[in-house]
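Engineer: Residue numbers (the numbering used here), protein chains in the order written: chain A, 1 to 409; chain B, 1001 to 1308. The beta carbon of each residue, even a glycine, is placed where N, CA and C say it ideally should be.
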Amino acid sequence: MKKVLRFLGVLVLMAVFTMSIFATGEAEGGEEPIKFGGVWPLGDITGDQGSKAAQIAIDEINAAGGLLGRPVELIVIDSELSPEKGAAAIERLATIEDVDFFVGGMSSGVHLGQIPTLKKYRKITMWTGAASHTVEEAMGPNQEWYFHLHPWDYNQGASYVEGWDAIAERYPEIKTDRWFLAYEEGPFGTASFAATKALFADREIYGEPFQSAAAGGGDYTAVLERAKELEPDVFIWAAWEADALPLMEQSKAIDFNPPLYVGAPPGWPADFGESPLAENVTLYGMWAPSLNNVIDNSKQFYDNYVTTYNEEPATYFAPLGYSAIYVIAEAVERAGTLDQEALIAELKKSKYQSPMGEIITFSPSNIISNQGIRKQKILQWQNGMQEVIWPFEYSTAEPVYPFKPWKER
Amino acid sequence: MLKMNRFQQIAALLAAICIGMIFLWRPTAIVYGVQRAGLYAAVALPMALVLGIVHIVNLAHGEIMMVGAYSTYFLSRTFGIDPYLALIPTVLVLYVIGVAIYKSTISRSVTGSELSQLILTFGIAMVLSQTMNLIATSQPRKLSLSYVSSSAQIGEISFGTYEFVFPVLAALMLIGMTYFLRKTKLGKAATAVGQNPRGSAVIGINVQRTYMIIFALSSALLGVVGSVFMTKMSIFPMVGGSYTMKSFCLVAMAGIGNLPMVVIGSLVLGIAESTIQAFPGGGGWSSLVFFVLIIAVILVRSFREKTV
């Protein structure tokens, strides 16, 4: 029995040895991949779909022959929405994985924690998230290796002002003079209220905080009643996706029908559009599947995503993740090298036609040297779909105005 | 007839005057306060059973409710059934989960210190929320149900009526639990085990079995509460945490083992919160009011105990 066991042991050892030789042989014979290190919160839909979309871009590039004759690889680490884990992920990607580029990102809080580590390694970074201007302040000027795709909060605010002005001009029946902002009592909501007051200084702005369902609240009746009393032209809420459907239900219960009902969460619940209460709610965003009708790139991206994952991309972080990979890949192709200086020079010349419609270019923002997208879009839920109503060049539907009273639904 | 001492009579009179004045000023503050109180009481009563009667400190309370909410959500989505129908299998599932949690972990610490129970159940809470995070992701989920937007109109005032389901649920739970503890053999055994486990064992009560059944019953009740909760609120893996905290505070405020006081305490807190919210800019103060009131009640009670 012992002899049989010993024989088997020798066989296993030989097999392992032989496989290791083959494995080594393949690594030595093939080209080393160009590595993209991605950090996303994988438990959140933004990170889940952002990383999946980036992987699609990687697969497409490999299918087309790779970059500089080498395959490309995406190594993803979950930030778990934690600044400490996000920073540790950058550290690991820079040292153990030895990646060439950093991509990904969603939350400003996490990114603030990552910035010292990013500055330590100074690898080319194409960041898809983090809107807070405090992130820009933390990054500071003259960090030429840092490229930021997502608009900063002040870009978003300016974009909304431009959008509502344009809508009011084209559709004179749409009034936007008197606003009521219901905002969650945390930093996101209070910053949104402060920014709205500053940006829309020529309009009447009222506001009231509430405790978000994400923080143990979820009763919006008091704030909705106050808004109803003030009869605003625009009612807007700035909170989290957990608040979306309960807010609509409570608005219906107290028969609150503002002419424009706007929601501004960073992401929407996956099944929000299925609810009849979603109809004619206006929202902010950068991309929606309806753009497939007006942008070829969008349709190509969407079809590829649905075919690969058998699910619909439901957040603009998906096309952002996809674009981040392609912007770098195109610059590498143009530069013909991975030399950082040459690559940065090429990245600054980028003109990438993104699935979101915008041609991505980079120019200095308030502090950093390389800011990508600056505009948001104004959309509206119509028949379960997010339709673009502004910018008009990408519009997929006319705005429905006023918000249909609950009693007539 | 309720017998009240002078202090309680004055407190009751002051409360009635306050409620009357609030009602005259803003009637919906009372309506929403009662609805909110119902939710607080419904979540806290199962904890009052486990902590107040058999003295098991359970920090995974809100997370068990969250599991119940997800169970009903997935059953409703998968089979296209109403959450109130999906509630039935959820109750059974939660009972089994309660037995499993008790048998595998809590039974080892039930006679130990409260600190070890605290740490153990905190760990269970983490395991439950992280497991749900892996299964369902952190994305909030909410079923769109037409009946949750039902409303009534009195004069110019419209208000939601569906939320009255919570006070009704809390009242049913209070009646059921009181009957169970006073009239059933198991309920009396549970009270005895809570007061003196060693003595209960001497007179022939199976102490471990009693602990297990009470914990499982509490979990099953949380399955009911979670199922009703998810009809109105969005659910996500971390949704239970804040309700654990509030339930603890309510049970502590009511006094260990005093089930009716959990409901009365919830009523006070619910109305106080909605009254504060009725003031312009008061939305951000409701959490503060909750904890300030609890601190005040506990301080007053300890002062009275010292002076008696």
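Closest to Glu279(A) by CA distance: which of Ile77(A), Gln386(A), Ala63(A) is it?
Structural biologist: Locating residue 279(A) in the first sequence gives position 279, counting from the first residue. Of the listed residues, the one whose Cα sits closest to Glu279(A) is Gln386(A).
Engineer: If you run the structure through DSSP and keep just helix, strand and coil, what is Gly29(A)?
Structural biologist: Sequence index remark: in the first sequence, residue 29(A) carries index 29 (1-based). The predicted model places Gly29(A) with a pLDDT of 44, which falls under 50 and marks its position as unreliable; any figure quoted below should be read in that light. In this structure, Gly29(A) counts as helix in the three-state DSSP scheme.
Engineer: Using 8 Å for Cβ pairs, my map puts Gly1068(B) next to Gly1226(B). What's the rounded Cβ distance?
Structural biologist: As a first step, residue 1068(B) must be located in the second sequence, where it is residue number 68. As a first step, residue 1226(B) must be located in the second sequence, where it is residue number 226. Confirmed, Cβ separation roughly 3 Å.
Engineer: Which first and last residues belong to the beta strand (DSSP E) in which Asp78(A) is found?
Structural biologist: Translated into positions along the first sequence, residue 78(A) becomes position 78. First-last of the beta strand (DSSP E) with Asp78(A): 72 to 78.
Engineer: Let's see if you can read the secondary structure: which residues bound the alpha helix (DSSP H) around Ala227(A)?
Structural biologist: Walking along the first sequence from the start, residue 227(A) turns up at place 227. Residues 221 to 230.
Engineer: Report the option in Phe1229(B), Tyr1211(B), Val1300(B) whose CA atom is closest to the CA atom of Leu1049(B).
Structural biologist: By one-based count along the second sequence, residue 1049(B) stands at place 49. That would be Tyr1211(B), whose Cα lies nearest to the Cα of Leu1049(B).
Engineer: Run through the DSSP bridge pairs and tell me what His410(A) is partnered with.
Structural biologist: The question about residue 410(A) has no answer, for chain A in this structure spans 1 to 409.
Engineer: Spell out the partners DSSP gives Arg178(A) in its beta bridges.
Structural biologist: Sequence index remark: in the first sequence, residue 178(A) carries index 178 (1-based). Answer by DSSP bridge pairing, in chain order: Glu204(A).
Engineer: Since Phe317(A) and Gln49(A) should fall inside the 8 Å C-beta cutoff, what is the C-beta to C-beta distance between them, to a whole number of angstroms?
Structural biologist: Position 317 of the first sequence, counting from 1, holds the residue named residue 317(A). Position 49 of the first sequence, counting from 1, holds the residue named residue 49(A). About 6 Å separates the two Cβ atoms, so the contact holds.
Engineer: At a cut-off of 6 Å, would you count Ser1071(B) as near the ligand ZN, judging by its Cβ distance to the nearest heavy atom?
Structural biologist: Here there are no bound small molecules, and the ligand ZN is not part of this structure.
Engineer: Name the chain C residues whose beta carbon is nearer than 8 Å to that of Lys1103(B)?
Structural biologist: Any reference to chain C falls outside this structure, whose protein chains are A and B.
Engineer: Rounded C-beta distance between Ile360(A) and Leu74(A)? I'm assuming under 8 Å.
Structural biologist: The sequence position of residue 360(A) within the first sequence is 360, counting from 1. The sequence position of residue 74(A) within the first sequence is 74, counting from 1. Going by Cβ atoms, the distance from Ile360(A) to Leu74(A) rounds to 19 Å, so no, they are not a contact pair.
Engineer: With distances taken Cα to Cα, identify the nearest neighbour of Phe1215(B) among Phe1074(B), Ala1011(B), Met1047(B).
Structural biologist: For the purposes of this step, residue 1215(B) is identified with residue 215 of the second sequence, where counting begins at 1. Considering only alpha carbons, the answer is Met1047(B).
Engineer: Tell me, please, whether the stretch 1227 to 1242 of chain B touches the stretch 1136 to 1153 of chain B by the rule of three or more beta-carbon pairs shorter than 8 Å.
Structural biologist: These segments touch.
Engineer: Glu225(A): which of Pro116(A), Phe210(A), Ala215(A), Tyr394(A) sits nearest, CA to CA?
Structural biologist: On the first sequence, residue 225(A) is found 225 positions in, with the first residue counted as 1. That would be Phe210(A), whose Cα lies nearest to the Cα of Glu225(A).
Engineer: Can you check which of these residues, Pro151(A), Pro391(A), Ala130(A), is closest to Ser365(A) by C-alpha distance?
Structural biologist: Taking the first residue of the first sequence as 1, we reach residue 365(A) at position 365. For the residues Pro151(A), Pro391(A), Ala130(A), the minimum Cα distance to Ser365(A) belongs to Pro151(A).
Engineer: Spatial neighbours of Arg1026(B) within its chain, please: CB distance less than 7 Å, with the 5 preceding and 5 following residues excluded, ordered by chain position.
Structural biologist: Residue numbering aside, residue 1026(B) sits at position 26 when the second sequence is read from its first letter. If we look at Arg1026(B) and ignore the five residues flanking it on each side, its Cβ neighbours are Ala1278.
Engineer: Exposed or buried, which one is Gln55(A) when buried takes at least 16 other CB atoms within 10 Å?
Structural biologist: For the purposes of this step, residue 55(A) is identified with residue 55 of the first sequence, where counting begins at 1. Result: buried.
Engineer: Please list, in chain order, the residues of the stretch 261 to 295 of chain A that have any C-beta partner in chain B closer than 9 Å.
Structural biologist: Listed in sequence order: Gly267, Pro269, Ala270, Asp271, Phe272, Glu274, Ser275, Pro276, Leu277, Ala278.
Engineer: Which runs of the alpha helix (DSSP H) spanning at least 4 residues fall entirely within the stretch 298 to 348 of chain A, listed in chain order?
Structural biologist: For the stretch 298 to 348 of chain A, whole alpha helix (DSSP H) runs of length 4 or above, ordered along the chain, are 317 to 335, 340 to 348.
Engineer: Is it the case that the Cβ atoms of Ser1286(B) and Glu1305(B) are separated by a distance below 7 Å?
Structural biologist: Taking the second sequence and counting its residues from 1, one reaches residue 1286(B) at position 286. Taking the second sequence and counting its residues from 1, one reaches residue 1305(B) at position 305. No, they are not a contact pair.
Engineer: Do we get a CB-CB distance below 7 Å when we pair Lys407(A) with the residues of chain B?
Structural biologist: The residue you call residue 407(A) lines up with position 407 of the first sequence. Answer no: the Cβ-Cβ gap between Lys407(A) and chain B never drops below 7 Å.
Engineer: Measure the C-alpha to C-alpha separation of Ala1042(B) and Arg1006(B) and round it to an integer number of angstroms.
Structural biologist: Reading the second sequence from its first residue, position 42 is the one you call residue 1042(B). Reading the second sequence from its first residue, position 6 is the one you call residue 1006(B). Their backbone Cα atoms lie some 30 Å apart in a straight line.
Engineer: Span of the alpha helix (DSSP H) holding Glu1273(B)?
Structural biologist: Stepping through the second sequence from its first residue, residue 1273(B) is reached at position 273. Unbroken alpha helix (DSSP H) run through Glu1273(B): 1259 to 1278.
Engineer: Considering only residues of the same chain and omitting the five flanking positions on each side of Tyr352(A), which have a CB-CB separation below 7 Å?
Structural biologist: Taking the first sequence and counting its residues from 1, one reaches residue 352(A) at position 352. Ser323, Tyr326, Val327, Glu330, Ile359, Ile360.
Engineer: Considering only the alpha carbon of each residue, which of Gly1204(B), Asn1058(B), Met1177(B) lies closest to Leu1120(B)?
Structural biologist: Taking the second sequence and counting its residues from 1, the one referred to as residue 1120(B) is at position 120. Minimum Cα distance to Leu1120(B) is reached at Asn1058(B).
Engineer: If we count the other Cβ atoms within 10 Å of its Cβ and call it buried at 16 or more, is Ser1149(B) buried or exposed?
Structural biologist: Start at 1 with the first residue of the second sequence, and residue 1149(B) comes out as number 149. Classification for Ser1149(B): buried.
Engineer: I need the straight-line Cα distance from Pro399(A) to Cys1018(B), nearest angstrom please.
Structural biologist: Counting from 1 along the first sequence, the entry for residue 399(A) is found at position 399. Counting from 1 along the second sequence, the entry for residue 1018(B) is found at position 18. If I take the Cα positions, the gap works out to 47 Å.
Engineer: Using a Cβ-Cβ cut-off of 7 Å (strictly less than) and excluding sequence neighbours within five positions of Tyr302(A), which residues of its own chain qualify?
Structural biologist: Taking the first residue of the first sequence as 1, we reach residue 302(A) at position 302. Same-chain partners within the cutoff: Pro289, Asn292, Pro313.
Engineer: Please state whether DSSP places Ile1235(B) in a helix, a strand or coil.
Structural biologist: Here residue 1235(B) is taken as the residue at index 235 of the second sequence, counted from 1. In the structure shown, Ile1235(B) sits in a strand (DSSP, three-state: E or B).
Engineer: Exposed or buried, what is Ile96(A) when buried is set at 16 or more other beta-carbons lying within 10 Å of its beta-carbon?
Structural biologist: Here residue 96(A) corresponds to residue number 96 of the first sequence, with the count starting at 1. Burial call: exposed.
Engineer: Against chain B, does Pro141(A) count as a neighbour if the rule is that its beta carbon must be under 7 Å from one of theirs?
Structural biologist: Translated into positions along the first sequence, residue 141(A) becomes position 141. So no, Pro141(A) is outside the interface.
Engineer: Give me the chain B residues within the contact set of Leu245(A), using Cβ-Cβ distance strictly less than 8 Å, ordered along the chain.
Structural biologist: Walking along the first sequence from the start, residue 245(A) turns up at place 245. Those are Lys1142, Ser1144, Ser1234, listed as they occur along chain B.
Engineer: Quick one: what's Arg1141(B) bridged to in DSSP?
Structural biologist: The residue labelled residue 1141(B) in the question sits at position 141 within the second sequence. In the DSSP output, where bridge partners are listed per residue, Arg1141(B) has Ile1235(B).
Engineer: Does chain A have any CB closer than 7 Å to the CB of Met1001(B)?
Structural biologist: Locating residue 1001(B) in the second sequence gives position 1, counting from the first residue. Unreliable positioning characterises Met1001(B) in this predicted model, as indicated by a pLDDT of 48, which lies under 50. A coordinate reading is not provided.
Engineer: According to DSSP, simplified to helix, strand and coil, what is Gln1208(B)?
Structural biologist: Position 208 of the second sequence, counted from the first residue, corresponds to residue 1208(B). Correct three-state label for Gln1208(B): helix.
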